[in-house]
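A.B. asks:
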Amino acid sequence: MAGVGGQGVILASDSLAEVAMRAGFDVKKSDALGMAQRGGSVVSHIRIGSKVFAPLIKKGEADFLVGFERLETARCASYISPHGLAITNDQELPPLAVAGGAAPYPDQRQVEHLISQYSRRLAFVPGLKIALELGNARVAGVVLLGFLSAFLPVEVALWEQDIAGRVPAKFREVNLQAFALGRQEAKVFNSTEPEAKATAAEDVAKRVRNTTRHSGRR
Amino acid sequence: MKRLLSGNEAIALGAYHAGISVAAAYPGTPSTEILENLAKLPGPYVEWSTNEKVAMEVGLGASYGGVRTLVSMKHVGLNVAADPFFAASVTGVRGGLVVVSCDDPGMHSSQGEQDNRHFARFAKVPMLEPSDSQEAYDLMPIAFQLSEEFDTPVMVRTTTRISHCKGVMEIDEAASWQPKRAHFIRELDKFVMVPSNARKRRPLMEERIAKLALWVENFPKNEMIIQSKKLGIIAFGAAYQYAREVFKNASFLKLLTTYPLPTQLITDFSRQVETLVVVEELDPFVEEQVKAMGLKVRGKEFVPPIGELTTDILEDGARRVGLLKNGRKALPQKETQVELPVRPPILCAGCPHIATTFVLRRLGFYRHLSPPQADEGGKLPAGLRQGGIIATSDIGCYTLAVYPPLLALDTCACMGASIGQALGLEKAGVPNKIVAVIGDSTFVHSGITGLVDMVYNQGSGTVIILDNDTTAMTGHQGHPGTGISARGEKVTKVDLELLCRGLGVRDVNVVDAFEVAEIERTLRRCVEIEEPSVIIARGPCPLKERVAGTPFTIDAEQCDGCATCLRLGCPALIREGDKAGIDQTQCVGGACGVCLQICPREAIVKAESKIA
Chain A
1 MAGVGGQGVI LASDSLAEVA MRAGFDVKKS DALGMAQRGG SVVSHIRIGS
51 KVFAPLIKKG EADFLVGFER LETARCASYI SPHGLAITND QELPPLAVAG
101 GAAPYPDQRQ VEHLISQYSR RLAFVPGLKI ALELGNARVA GVVLLGFLSA
151 FLPVEVALWE QDIAGRVPAK FREVNLQAFA LGRQEAKVFN STEPEAKATA
201 AEDVAKRVRN TTRHSGRR
Chain B
219 MKRLLSGNEA IALGAYHAGI SVAAAYPGTP STEILENLAK LPGPYVEWST
269 NEKVAMEVGL GASYGGVRTL VSMKHVGLNV AADPFFAASV TGVRGGLVVV
319 SCDDPGMHSS QGEQDNRHFA RFAKVPMLEP SDSQEAYDLM PIAFQLSEEF
369 DTPVMVRTTT RISHCKGVME IDEAASWQPK RAHFIRELDK FVMVPSNARK
419 RRPLMEERIA KLALWVENFP KNEMIIQSKK LGIIAFGAAY QYAREVFKNA
469 SFLKLLTTYP LPTQLITDFS RQVETLVVVE ELDPFVEEQV KAMGLKVRGK
519 EFVPPIGELT TDILEDGARR VGLLKNGRKA LPQKETQVEL PVRPPILCAG
569 CPHIATTFVL RRLGFYRHLS PPQADEGGKL PAGLRQGGII ATSDIGCYTL
619 AVYPPLLALD TCACMGASIG QALGLEKAGV PNKIVAVIGD STFVHSGITG
669 LVDMVYNQGS GTVIILDNDT TAMTGHQGHP GTGISARGEK VTKVDLELLC
719 RGLGVRDVNV VDAFEVAEIE RTLRRCVEIE EPSVIIARGP CPLKERVAGT
769 PFTIDAEQCD GCATCLRLGC PALIREGDKA GIDQTQCVGG ACGVCLQICP
819 REAIVKAESK IA
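Laid out in structure tokens, this is it:
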């Protein structure tokens, strides 16, 4: 899971790790965050299995990459395995260099291109758009968590229980809604995800069409 | 019941279940959460100490009082605490004294990388290294027993990936907090280290290590895992976990006692395997000792001594020297390189450090050209001034002002160094005006002695104390200047103005950290006077106070895209086309207001209505 400090990456990865443990797996979760309270890159590695040794994921071995904004998704592209699924919040958070005009922010196509060198499975999730529709930009991460949950062998009830316990009572409902809408997005993605045999070109073409359909920005 | 805990949480709980009465620490990544978690548990006395040296001394005193005591700090913190740490080794303990050192390989959040295992050998103190949260928890009661049985402080050494990694573990649900009864027994030749007594203690330290060397031979948690006998790996800590992933079929000797080493056990293991390897992060601490035992061993020839180890790095190294034969799953060929913009840590929107560091930069203080350089060029490059102020910096969030666009600082070495450095530069005869920039927590930690030195030795530097009323960078811990204790109670607040005046500084100024003109005016005056001066720039950390104000907006008619505001490095200020823009989700508006003051065209305006 990758994002920017303040986006809720740690909260989401804590939730995933806890839920996986409750589902009976061994888990290790390790965060890499810089010195700043906010604003720097944050990466959480979560490894789940019958027995986990190393706290960090090897490059090319991540089954899932969950990016909380496009640039940080792109930055972690090399972690994704050839069969892995990259899930990115279709949101831009320009770093200072970009905000100051010194460097360009990668657009959707560039992110697609970068990811496609490692895996052909990429989902743009309109997490921020959904969160804003729910009236709380902060639940975008929970939308992503909901999306991811659709691919993991863990009961929904475990997720809901964990999320409910992790947020203040007055935000419980909006978080659970965000989670459910994320799962809903995953269903849409699943029904449109190209078969593994499709050629790369068809693949990208289809994905762009899919993306257009459920992306907030384009 | 199974629980998912970080190494630091496990250490805190383990110490609690071992019945500690006192815990002392100074916050520092990756160690901070140990004391934070202890402060949530009822019973023991916990404190944020003024600095690590004081923490160690408090711990030593508590141990003399017969109770179990935990002292925790980051790797460089033990440098600060080295004096009492070595003293503790000489006097020994009464109640168990455990020192947790959390190293930061790869310098995620540190000014330097160092392998603190050397401290254990240096001070002749036994050391334990857990390789996951479960071991961290299980080792704590053992560490305290060991301390009491062998009359020695015990070092528990972790790294970022142990302290901050969460893992599944079982805790002793029946365990409760059972502290020891405090009592001090006078014992002059143990507790009073005058030379005559210290000489008596000295041979005891050697005896102690010799006895410990026997004890570690039979320590049941040092584990031998015999698989393929072709390759045998000695590993510990996080390195053990990476090694298990890379050398799936190898035999392992997992050590939790890394000083002193169980030499007989290592010899036995080496006899069972064809090739012996030590996998360790940072220095060849164990490898060299194994070599000194006369054994043939491989290690640092393929395990890098710099930075954090990963499965990838270890695997690549092992393949390079032929220890791993199977081909690596080839990563896809990169078709195109996309240059991704970096995202360094930055000051937050509404940060009280922005205005002061901006003033330092705006006055052209960020580049110092020596006169010959300037002469050769004929003239100075645009925007650079000669002979500007030198800003020595300290350690805290404000150090981030060294990055573009602020570029406001010139040095940063270690906690408290800025003031001594400023005096040193002055006394060396450097002609520039010199300003030391230090945070409130760091000033109390180790800046005070520097300021005393400046006063006593007739310096004329200016010390800017950036007072945000908290230890922000490590997550808002209290310190003596805040009047808030580790448990969150209101306690006596050390008054920074009075403190500075008491040290002999006559020119002590307090300015609003968000008032650019006032900061600049005060600074210009202070650097001109021929005596030490202090400027306390006071303003709350917006994350601690949860400051929120109505965000400002840009009047596009007025903005001519001069980018002056972008030089603040405020993350809420962004470029929108050829003009400036304000990120409405980040700007705290009137709670800060710095950009409003510096915009030459008054294009930044208060929004008419609050935007949700």
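Protein sequences, first through last, are from chains A and B. For the record, in the first sequence the residue sitting at position 64 is 64 according to the numbering used here, with numbers rising by one throughout. Residues are numbered in the numbering used here as their position in the second sequence, beginning at 1, plus a constant of 218. The beta-carbon is built from N, C-alpha and C at its ideal position, and this holds for glycine as well.
1. Going by CA-CA distance only, name the one from B/CYS777, B/GLU251, B/VAL653, B/THR667 that's closest to B/GLU746.
2. What residues from chain B crowd round A/ALA137, counting only those whose CB sits closer than 7 Å?
3. For A/ARG75, go through chain B and note every residue whose CB falls closer than 7 Å to its CB, in chain order.
4. Hey, would you say B/PRO371 sits closer than 7 Å to B/LEU432, going by beta carbons?
5. Would you mind telling me which residues of chain A sit closer than 7 Å to B/GLN459, beta carbon to beta carbon, in chain order?
6. If you measure between the beta carbons of B/LEU684 and B/HIS571, is that distance less than 7 Å?
7. How big is the Cα-Cα spacing for B/GLU644 and B/THR610?
8. Where does B/LEU406 sit, in a helix, a strand or coil, going by DSSP?
9. I want to see whether chain A comes within less than 7 Å of B/LEU784, judged by CB atoms only; does it?
10. Give the range of the beta strand (DSSP E) segment to which A/ASP26 is assigned.
11. Which full runs of the beta strand (DSSP E) of 3+ residues lie inside the stretch 252–292 of chain B, going along the chain?
12. Using the Cα positions of B/MET511 and B/PRO421, report the straight-line distance between them to the nearest angstrom.
13. From B/ASN226, B/GLU463, B/GLN490, pick the residue whose C-alpha is nearest to that of A/GLU61; which is it?
14. If I follow the unbroken beta strand (DSSP E) through B/ASN727, where does it start and stop?
15. Going along chain B in order, which residues have a C-beta closer than 9 Å to the C-beta of A/SER50?
16. Quick check on the burial criterion: 16 or more other C-beta atoms within 10 angstroms. Buried or exposed for B/ASP796?
17. For a contact defined as C-beta to C-beta under 7 Å, what are the partners of B/LEU222 on chain C?
18. Would A/PRO95 count as contacting chain B if we go by Cβ distances under 7 Å?
19. Can the beta-carbon of B/THR287 be found closer than 7 Å to that of B/VAL240?
20. For A/LEU71, which residues in chain B fall below 9 Å Cβ to Cβ?
21. If we count the other Cβ atoms within 10 Å of its Cβ and call it buried at 16 or more, is B/GLY601 buried or exposed?
22. Please state the DSSP three-state secondary structure of B/PRO599.
23. Inspect the beta-carbon positions of A/VAL174 and A/VAL139 and report whether they are closer than 7 Å.
24. Do you know whose CA, among B/PRO302, B/LEU259, B/GLY237, B/GLY638, lies nearest B/ASN269's CA?
25. To the nearest angstrom, report how far apart B/ALA567 and B/CYS744 are at their CA atoms.
26. Who are the Cβ neighbours of B/CYS810 in its own chain at under 7 Å, not counting the five residues just before and after it?
27. Could you check where the beta strand (DSSP E) with A/HIS45 kicks off and where it finishes?
28. Report the residue from B/VAL560, B/VAL272, B/ARG537, B/VAL496 whose alpha carbon sits nearest the alpha carbon of A/GLY39.
29. Return the first residue and the last residue of the alpha helix (DSSP H) that A/GLY146 is part of.
30. Using a threshold of 6 Å, is the CB atom of B/MET358 nearer than that to any non-hydrogen atom of the ligand COA?
31. If you compare alpha carbons, which of A/PRO168, A/PRO153, A/LEU145, A/SER191 is closest to A/ALA180?
32. Let me know the secondary structure DSSP gives A/HIS83 once reduced to three states.
33. How many Å lie between B/VAL515 and B/MET423 at the Cα?
34. Is any beta-carbon of chain A found at less than 7 Å from that of B/CYS383?
35. Would you mind working out which of B/VAL311, B/ALA428, B/GLU505 sits nearest B/LEU473, comparing C-alpha positions?
36. Listed in chain order, which residues of the stretch 654–682 of chain B have Cβ atoms closer than 8 Å to some Cβ of chain A?
C.D. replies: A quick look at the data gives this:
1. Of the candidates B/CYS777, B/GLU251, B/VAL653, B/THR667, the one whose C-alpha sits nearest the C-alpha of B/GLU746 is B/VAL653.
2. Here the neighbours are THR803.
3. Neighbours of A/ARG75 on chain B, chain order: LEU558.
4. Against a cut-off of 7 Å, the Cβ pair of B/LEU432 and B/PRO371 comes out as no contact.
5. Within 7 Å Cβ-Cβ: PHE53, ALA54, PRO55.
6. The answer is yes: Cβ separation under 7 Å.
7. Their Cα atoms are separated by approximately 11 Å.
8. Note: B/LEU406 maps to helix in three-state DSSP.
9. Yes, because at least one Cβ of chain A sits closer than 7 Å to the Cβ of B/LEU784.
10. In the DSSP assignment, A/ASP26 falls within the beta strand (DSSP E) that extends over 26–33.
11. Fully contained in the stretch 252–292 of chain B are the following beta strand (DSSP E) runs of length 3 or more, in chain order: 263–266, 286–292.
12. When only Cα atoms are considered, B/MET511 and B/PRO421 end up about 23 Å apart.
13. Considering only alpha carbons, the answer is B/GLU463.
14. Looking at the DSSP string, the run of the beta strand (DSSP E) that includes B/ASN727 is 725–730.
15. In chain B, no part has a C-beta under 9 Å from the C-beta of A/SER50; the shortest such distance is about 11 Å.
16. So B/ASP796 ends up on the exposed side.
17. Going by chain labels, chain C is absent from the structure shown, which instead holds the protein chains A and B.
18. At a cut-off of 7 Å between beta-carbon atoms, A/PRO95 makes contact with chain B.
19. Yes. Within cutoff.
20. Within chain B, the residues near A/LEU71 are LEU558, PRO559, ARG561.
21. Low confidence applies here, because B/GLY601 scores a pLDDT of 42, under 50, leaving its location unreliable; read the following figure in that light. Exposed.
22. Summary for B/PRO599: the model assigns pLDDT 46, below 50, so the residue's position carries little reliability, and this model does not support an answer.
23. Between A/VAL174 and A/VAL139, the C-beta spacing is below 7 Å.
24. Looking only at B/PRO302, B/LEU259, B/GLY237, B/GLY638, the smallest Cα-Cα distance to B/ASN269 is reached by B/PRO302.
25. CA-to-CA, the gap between B/ALA567 and B/CYS744 works out to about 28 Å.
26. GLY568, PHE732, listed in sequence order.
27. Its beta strand (DSSP E) spans residues 41–49.
28. Residue nearest to A/GLY39 within the set B/VAL560, B/VAL272, B/ARG537, B/VAL496 is B/VAL560 (criterion: CA-CA distance).
29. Element bounds for A/GLY146: 140–149.
30. Among the ligands in the structure shown, none appear at all, so the ligand COA cannot be discussed.
31. Answer by Cα proximity: A/LEU145.
32. In this structure, A/HIS83 counts as strand in the three-state DSSP scheme.
33. If you take the alpha carbons of B/VAL515 and B/MET423, they lie about 30 Å apart.
34. By this cut-off, B/CYS383 is an interface position.
35. Comparing Cα positions, the closest option is B/GLU505.
36. For the stretch 654–682 of chain B, which is checked against every Cβ of chain A, not one residue is closer than 8 Å.
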